[in-house]
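Novice:
2 protein chains.
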Amino acid sequence: MSNSLESLAIGLDVGGTAIKAGLVNRRGHVVSTQTIATEANGGVDHVIERMIRLIRALTNEAAAAGSRIEAVGVGMPGTLSRKKGMVIAPPNLPGWRNIPIVKWLSEGTGHRVVLDNDANNAALGEFICGAGRGVQNMIMLTLGTGVGGGMIFGGRLWRGAYENAGEIGHTIIVVGGRRCGCGQLGCLEAYASATATVTRAMERISNGEDTCLRAELNNGRLLTTEMIVSAARNGDALARDVWEETCRYLAVACLNLQHTASLERIVLAGGMSAAGEALRRPVLDAIDQIGSKMLGDPPDIRLAELGNDAGFIGSALSVFEPA
Amino acid sequence: MSNSLESLAIGLDVGGTAIKAGLVNRRGHVVSTQTIATEANGGVDHVIERMIRLIRALTNEAAAAGSRIEAVGVGMPGTLSRKKGMVIAPPNLPGWRNIPIVKWLSEGTGHRVVLDNDANNAALGEFICGAGRGVQNMIMLTLGTGVGGGMIFGGRLWRGAYENAGEIGHTIIVVGGRRCGCGQLGCLEAYASATATVTRAMERISNGEDTCLRAELNNGRLLTTEMIVSAARNGDALARDVWEETCRYLAVACLNLQHTASLERIVLAGGMSAAGEALRRPVLDAIDQIGSKMLGDPPDIRLAELGNDAGFIGSALSVFEPA
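Top to bottom, those sequences are chains A and B. Be aware that the first sequence starts at 0, since it is given in numbering that gives the first Met the number 0, and climbs by one per residue. Be aware that the second sequence starts at 0, since it is given in numbering that gives the first Met the number 0, and climbs by one per residue.
1. Which of helix, strand or coil does DSSP assign to T196/B?
2. Where DSSP assigns a beta bridge to A268/B, which residues make up the other side?
3. Could I get the ranges of all uninterrupted beta strand (DSSP E) runs contained in the segment 61-105 of chain A, with 3 residues as the minimum, in chain order?
4. Just checking, does the segment 298-318 of chain B make contact with the segment 160-180 of chain B on the three C-beta pairs under 8 Å criterion?
5. Answer with yes or no whether the minimum CB distance from T198/A to chain B is below 9 Å.
6. Mind checking if D348/B is an interface residue toward chain A, Cβ cutoff 9 Å exclusive?
7. Counting contacts by CB-CB distance shorter than 9 Å, is M0/A in contact with chain B?
8. What's the C-alpha gap between K19/B and A200/A?
9. Would a check of beta-carbon distances place F126/A closer than 9 Å to chain B?
10. Chain B partners of C253/A, CB-CB under 8 Å?
11. In the DSSP output, which residue or residues are listed as bridge partners for F152/A?
12. Could you list which residues in chain A have their beta carbon closer than 9 Å to that of A260/B, in chain order?
13. Can you check which of these residues, V71/A, R220/A, E202/A, is closest to T108/A by C-alpha distance?
14. So what's G27/B in DSSP terms, helix, strand or just coil?
15. Residues in its own chain within less than 6 Å of L249/A by CB, not counting five upstream and five downstream?
16. Run through DSSP, which three-state label would N163/B get?
17. Taking Cβ-Cβ distances shorter than 7 Å, what residues in chain B pair up with E263/A?
18. Which residue from T16/A, L79/A, I127/A puts its Cα closest to that of I312/A?
19. Assign D287/A to one of two classes, buried (16 or more other C-beta atoms within 10 Å of its C-beta) or exposed (fewer than that).
20. Within the 9 Å Cβ cut-off, does S291/A reach chain B?
21. Might you give, ordered along the chain, the residues of its own chain that have their beta carbon closer than 7 Å to the beta carbon of G129/A, omitting 5 neighbours on each side?
22. With a threshold of 8 Å, are at least 3 pairs of Cβ atoms found where one atom belongs to the segment 115-122 of chain B and the other to the segment 74-82 of chain B?
23. Go to S6/A, then tell me how far its beta strand (DSSP E) extends in each direction, as first and last residue.
24. Just the chain B side, please: which residues come within less than 7 Å of T170/A by C-beta, in chain order?
25. For a quick check, are the C-beta atoms of I9/B and A315/B less than 9 Å apart?
26. Please name the residue, chosen from V30/B, I167/B, G143/B, L123/B, that lies closest to G154/B on a Cα-to-Cα basis.
27. Three Cβ pairs or more, each shorter than 8 Å: is that satisfied between the segment 246-265 of chain B and the segment 139-147 of chain B?
28. Taking 9 Å as the CB-CB limit, is G182/A close to chain B?
29. Which value, in whole angstroms, describes the spacing of the CA atoms of Q257/A and E243/A?
30. Thinking C-beta only, is V146/B closer than 9 Å to E188/B?
31. Please state the DSSP three-state secondary structure of C179/B.
32. Under 9 Å between the Cβ atoms of V228/B and A277/B?
33. Skipping 5 residues on each side, what residues in its chain have a beta carbon closer than 7 Å to that of A193/A?
34. Find out if the Cβ-Cβ distance for the pair T170/A, N255/B is shorter than 9 Å.
35. Could you tell me the distance, in whole angstroms, from the CA atom of F319/B to the CA atom of E38/B?
36. What's the C-alpha gap between A195/B and E202/B?
What follows is the structure in structure tokens.
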């Protein structure tokens, strides 16, 4: 009963395999959390039903603790429209086309519901109570299967005119370069995502280059960036090359963002940021090496602090944002 | 006497060779204009003295017409600090180091004085009464000796945390590519500025390729982008190649800005934009060709409308901006 009268938000982070949710207060403190399987194969109605049940469970939990629910924030993979409250066509959720999710969840739970994309919400979470604390201008790069971005300008999420700002992964860094999943040539994502890093390593292994990573493959395992980072740490030349290359591409992305937007901070998040200083340090070194000496204020690069919780925390906090 | 009681601003656009100035009303209407030589060789004090005399002359002109001066806006090449009112180290004005220009001009004229960099002021001018009318989110690329940028987000100039946002010319588009004047490799400016366009043409001419441009050089003339555009128009293959390449690099820059910031409009300004549709059309074609089909809302590319007046008009309008 210590939280008596406190107003809490429910935050959901909906992915292709799991839905993470939590009760969060206005300062980002997590009161409780639940994770369920998305069961995306069950279809749109099935997933919506699961989300409604999850929201009701958390509402009851809040009520039992004497708190009331301010609203529900939902983070989903794009494409979507926050303004319209619609999920449009997320690649990770096949079959979801133009779903008025805000209307459905709001009717199903009685709460005000706010929708945004997961990268924006994760950036908001880190901004308010993670690696972005204390600054007003930051960009968070989410490094995983793809490269996503969330931008905070002047203390507010910047979504852009068409709500799709922050697609840093699809900025071109090598004109005429590697083909990206989006169709363009030379996108950052085609060089510096986890997927691209593994691809670049596999290409060199297929070419017969010597590396301890071959043993992993011979054992029938799929190559991951964790294996590459660990092999690099153990002095494997190929792994070191590939990883340093990834970090160099990320340094280019950071420099480009800094030249464009003059930021206080760039936060590295997502699966690949689990490498920690083995990621941050070589990115900083590469910025120092390739960046213009005229760049008066180099970006302050930090590792994300909230891990997988950034998404639902940010979703919850998004309900407190001015409209 | 028709402007009686109207409040006007004085705008100055200070370049290495000329100072353009004007009396401008709050809606960007130019009441009168004057241009004088900078006489930068005369030193800092000499130029400041000339600026003060120019401001006094325009003040008297306003008074004679029954108008009062709201304030004076000054646009200078960077680096500078708007917040501190200081010119720091502009490459085009040798000898200018840490000049408290706002203090000096304000003491010399009795007016409130506001300083900003020329690219920002030109973007503000186009935003309020040129090619940016009617939108809230735009970026203006100034294409000349270098590639500059000015950004309007949510109807306000975005200067960034360290006041140097918009350095689009130094975003890297070819990792490990051509050396830029800033020291980096592969900057947009090293490929798509007027200087870089001429350099790329000269390289091919030096390699002995056939082109009508050789005649210009044999006549002792310096190659310009105007000559290249005109030769391209007349079917010269080398000129067409070089110009199309420039437009392709600019298309990459536009795509990158669109993916990053989700803009309503991108305005092409500066000397090279005098090419008009011969610039805009191939940039649009290249965006269509190389841009991701996933890019829901392609950038709306327009040509600047105010020409060389954008600078002083924007300088004047900057005094009406909230602080």
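Quick reminder that beta carbons are idealized off the backbone N, C-alpha and C, glycines included.
Specialist: Judging by the given coordinates:
1. helix
2. T141/B
3. 67-75
4. no
5. no
6. Look at the range of chain B in this structure, 0 to 322, and you will see that residue 348/B is not part of it.
7. Note on M0/A: pLDDT 42, under 50, position unreliable in the model; no value is reported.
8. 56 Å
9. no
10. Result: empty, since nearest Cβ-Cβ is about 11 Å, beyond 8 Å.
11. R155/A
12. M150, W157, G159, A160, A164, G165, T259, A260
13. V71/A
14. coil
15. A191, V282
16. coil
17. A160
18. I127/A
19. exposed
20. yes
21. A303, E304, L305, A309
22. yes
23. 6-13
24. N255, H258, T259
25. yes
26. L123/B
27. yes
28. yes
29. 21 Å
30. yes
31. coil
32. yes
33. L142, G143, T144, T224, G270, M271
34. yes
35. 29 Å
36. 10 Å
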